[in-house]
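Numbering-wise (UniProt numbering), the sequence shown opens with residue 8 and increments by one. Where a beta carbon is used, it is the ideal one built from N, C-alpha and C, also for glycine.
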Amino acid sequence: APALVWFRRDLRLADNPALHAAVQSGRPLLFVYIREEDTALRLSPGAAADWWLHHSLTALAADIERLGGRLSLRQGAAADLIPEIVREAGVREVFWNRVDWPWIDARDRDIAEALQAADVRPRAFRATTLIDPASLLNGSGQPYKVFSAFWRAAQKDFSPRGPLPAPDSLTAADPIASDDLADWELLPVKPDWAAGFHDRWTPGEAAARKQLETFLGEALPDYKTHRDRPDLFGTSRLSPHLGWGEISPRAVWHRVQLQAERGQSFGAAEKYLAEIGWRDFAYYLVHHFGDLRQKNFDPRFDHFPWRDNPEGLQAWQRGRTGIPMVDAAMRELWKTGWMHNRPRMITASYLIKHIGCHWRDGMAWFEDTLVDADPVVNAASWQWVAGSGADAAPYFRIFNPATQGEKFDPDGHYVRRWVPELVSLATRDIHAPWEASAGQLASQGVELGRNYPRPVVDLKAGREAALAAFEQMKAEA
Ligand code: FAD
């Protein structure tokens, strides 16, 4: 009797524990990806994520086919479809990797129970993170709330098994019905806002591995110094590949360790793996403290006087705040579905602190526009910037986006690349054009308020308003 392998955010064949176990079972296999009708499940959180999903499924289907299997696509509620497929195809075991999002895992437990009641064996595996969150507690048996302590403890007895190999071949069961991927309409039609995505990204498992190798060869040695520079290729750009599970954190961990053992990049490798650790930490927090998308980790922030500023929010979304570093980043996001970590922090800080919007407004926009949108990591990161998260940046530490620009985009290349209105500006003016005289700007082709906006929120006034709001919260909390 056949077994069913149910893919979700694990679109890979290598180091895939559910697939590995399914192959080991010796049963003929069926493979399915279900596009869930309930969008609140957020398996593909937004339109940019849908673009990625389309191409990643295409790659996965081809990889499965090469090994002799067939990926079926179905649309509907998994709670209905899984039992239906099981009945129709006489499936005896269903294999999947947990997504580790609490709302999905809770739903999956119900499916597992329903399968058991029908005498079918559900087999769920852990594949999203390096560390099993349940197994890591501090000396008093409590979960860690501080990253450095968490990561130190995590590394102490961390000897992860080597990554599981991809199967050489697959024994396929008689195929079941499949939708046509094109009918899901995951790609934009008109306007094609994803044109720039193609230049930047190749979704799929093979591309993920290649991206890791390129990073190790070209950028890992300088990671410690270049990781904060959005104008350089200084980070791995693996986030969408990791987020969709095209490569496992375990596989990355082993490959990076190997590189460190071979070469001189030991410190850089350590720093890089700590970033993978931050991803794990977000999942760890959610495992122990529940969904962070709705509730402030620090409940004092329930009293924060957020401002209602729809014009500010819209200017931010469109990359027209008049703050070059913020606008460059928001446009990079729109054009490529991705943004470097440093500008993520800068743009989030400007939205939350200067514009005064709730962090959830920014989180929602990122979910819709990022190809790497991950509801767990995104929520933890927004709360980190807001100051409401675990081990977060204190609220009162307010980034000045102009000085951030001078520091991390020192030649203005990043701004010029994404904000063409400012391409002729001298480097000394590029991060704070409002400080230059009108005559100076005009000689460089810029007229504020005409071909580039004045700041929607002045940096000094915005900072003071933010600090006043913080004081108000403390008084009320
Ligand atoms: P690298 O520096 O090469 O890091 C390697 C990997 O480590 C990344 O691919 C990622 O998986 C992980 N990582 C790196 N930095 C972080 C971090 N600060 N927190 C958690 N994991 C990290 N990352 C997402 O994957 N999805 C999101 O939805 C997301 N939203 C964010 C929102 C905000 C406001 C901020 C400040 C950060 C967010 N991040 C998110 C984290 C981080 O910005 C990205 O993971 C990183 O920029 C991806 O680029 P990279 O792969 O080149 O990173």
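Item, Value
"Which complete alpha helix (DSSP H) runs does the segment 119-204 hold, if anything under 4 residues is left out?", "154-163"
"Looking at C-beta atoms only, is the number of pairs between the segment 249-266 and the segment 338-356 that lie closer than 8 Å three or more?", "no"
"For Gly250, count the other beta carbons within 10 Å of its own beta carbon; 16 or more makes it buried, fewer makes it exposed. Which is it?", "buried"
"Are the Cβ atoms of Val422 and Ala335 separated by less than 8 Å?", "yes"
"Throw me the rounded Cβ distance for the residue 541 and Leu193 pair, which I believe falls under 8 Å.", "Outside the shown range of the chain, which is 8 to 484, sits residue 541, and nothing can be said about it."
"Is Phe38 helix, strand or coil when you go by DSSP?", "strand"
"Compute the Euclidean distance between the alpha carbons of Arg307 and Ala113, then round it to the nearest angstrom.", "28 Å"
"Could you work out which residue in Thr343, Trp313, Gln301, Leu18 is closest to Asp206 when comparing CA atoms only?", "Thr343"
"Touch check for the segment 124-136 and the segment 152-167: three-plus C-beta pairs under 8 Å?", "no"
"Return yes when at least one heavy atom of the ligand FAD lies under 7 Å from the C-beta of Asn303, else no.", "no"
"Does the segment 176-196 come within contact of the segment 309-328, defined as at least 3 CB pairs closer than 8 Å?", "no"
"Under the DSSP definition of a beta bridge, which residues are partnered with Tyr291?", "None, per the DSSP bridge assignment."
"Is Ala281 near Ala267, with beta carbons less than 8 Å apart?", "no"
"From His294, Ala468, Ile359, pick the residue whose C-alpha is nearest to that of Ala141; which is it?", "His294"
"Mapping the DSSP letters down to three states, classify Phe308 as helix, strand or coil.", "helix"
"Please state whether the Cβ-Cβ distance between Gln82 and Asp17 is less than 8 Å.", "no"
"With 16 as the cutoff for other CB atoms within 10 Å, does Pro462 come out buried or exposed?", "buried"
"Give every residue of the same chain whose Cβ lies closer than 8 Å to the Cβ of Asp87, excluding the five residues on either side of it in the sequence, and list them in chain order.", "none"
"In whole angstroms, what is the alpha-carbon distance linking Ile359 and Arg234?", "24 Å"
"How is Val12 classed by DSSP in three states: helix, strand or coil?", "strand"
"Does the ligand FAD have a heavy atom nearer than 7 Å to the CB of Ala267?", "no"
"With distance defined between alpha-carbon atoms, name the residue in Lys231, Phe204, Val383, Ser79 nearest to Phe38.", "Ser79"
"Find out if the Cβ-Cβ distance for the pair Leu122, Leu36 is shorter than 8 Å.", "no"
"Can you give me the C-alpha to C-alpha distance between Glu478 and Glu442, rounded to a whole angstrom?", "29 Å"
"How long is the line joining the alpha carbons of Phe222 and Thr242, rounded to whole angstroms?", "7 Å"
"Mark Ser450 as exposed unless 16 or more other C-beta atoms lie within 10 angstroms of its C-beta, in which case mark it buried.", "exposed"
"From the DSSP output, which residues share a beta bridge with Gly83?", "Glu43"
"Taking Cβ to Cβ, would you say residue 489 is nearer than 8 Å to Ile353?", "Because the chain here runs from 8 to 484, residue 489 falls outside it and cannot be looked at."
"Can you tell which of Tyr290, Ala56, Asp57, Ala54 has its C-alpha closest to the C-alpha of Pro150?", "Tyr290"
"Is the segment 168-182 touching the segment 67-77, taking contact as three or more C-beta pairs under 8 Å?", "yes"
"Is Val98 helix, strand or coil when you go by DSSP?", "coil"
"Around the Cβ of Pro317, are there at least 16 other Cβ atoms within 10 angstroms (buried) or fewer (exposed)?", "exposed"
"Under 7 Å from any heavy atom of the ligand FAD, does the C-beta of His272 make it?", "Reading off the sequence shown, one finds Ser at residue 272, where the question assumed His. Checking every heavy atom of the ligand FAD against the Cβ of Ser272, none is found closer than 7 Å."
"Applying the criterion that 16 or more other CB atoms from any shown protein chain within 10 Å of the CB defines a buried residue, is Thr46 buried or exposed?", "exposed"
"Check whether the Cβ atoms of Thr376 and Gly148 sit closer than 8 Å, and answer yes or no.", "no"
"According to DSSP, is Asn348 part of a helix, a strand, or is it coil?", "helix"
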